[in-house]
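Numbering (this note's numbering), first residue to last: 92 to 213.
The beta-carbon is built from N, C-alpha and C at its ideal position, and this holds for glycine as well.
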């Protein structure tokens, strides 16, 4: 997994299993006992504060997460978290009406098949 962050260099991690943790006080990409935290976690949390899914495994509201096949589809999708399965890019969507002020926050490598139940929401 390549973690994008302006405060540190990208790191390539081997992904046998991907578990993405989205918490309202931090955002981390977890793999075993290695994790990459985002310096702008507070901003991320504030922007997804409108997430309708309940705490727990996976998204309880289906429209909070979407899988698309192009960046053009990401730009027009209204889900809070959008995964581009063609490129492996993972985005958060701050505006819900297209990407707007949202941004890519991770790239999944190794042909990972990401699904809504790979997320843990707190």
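### Query
Do residue 211 and residue 148 come within 9 Å of each other at the CB atom, strictly closer than that value?
yes
### Task
Consult DSSP for residue 164 and reduce its assignment to one of helix, strand or coil.
helix
### Message
Less than 7 Å between C-beta atoms, sequence neighbours within five positions excluded: which residues of the same chain meet that for residue 173?
### Response
157, 159, 165, 182, 184
### Query
What residues match up with residue 147 in a beta bridge as DSSP calls it?
212
### Message
Quick check: what's the CA-CA separation for residue 128 versus residue 203?
### Response
Note on residue 128: pLDDT 37, under 50, position unreliable in the model; no value is reported.
### Message
Let me confirm a value: residue 242 is counted as buried when at least 16 other C-beta atoms fall within 10 Å, else exposed. Which label applies?
### Response
Nothing in the structure corresponds to residue 242, since the chain is present only between 92 and 213.
### Query
Exposed or buried, which one is residue 146 when buried takes at least 16 other CB atoms within 10 Å?
exposed
### Query
Taking all protein chains shown into account, do 16 or more other C-beta atoms lie within 10 angstroms of the C-beta of residue 177, making it buried, or fewer, making it exposed?
exposed
### Message
What would DSSP say about residue 207, mapped onto helix, strand or coil?
### Response
helix
### Query
Which residues in the same chain as residue 170 place their Cβ atom closer than 7 Å to its Cβ, once the five residues preceding and following it in sequence are excluded?
154, 155, 156, 157, 184
### Neighbourhood of residue 180 by C-beta, 6 Å cutoff - its chain only, sequence neighbours within 5 removed
195, 198
### Message
So, at 7 Å on beta carbons, what are the nonlocal neighbours of residue 151 in its own chain, with the 5 sequence-adjacent residues on each side left out?
### Response
144, 145
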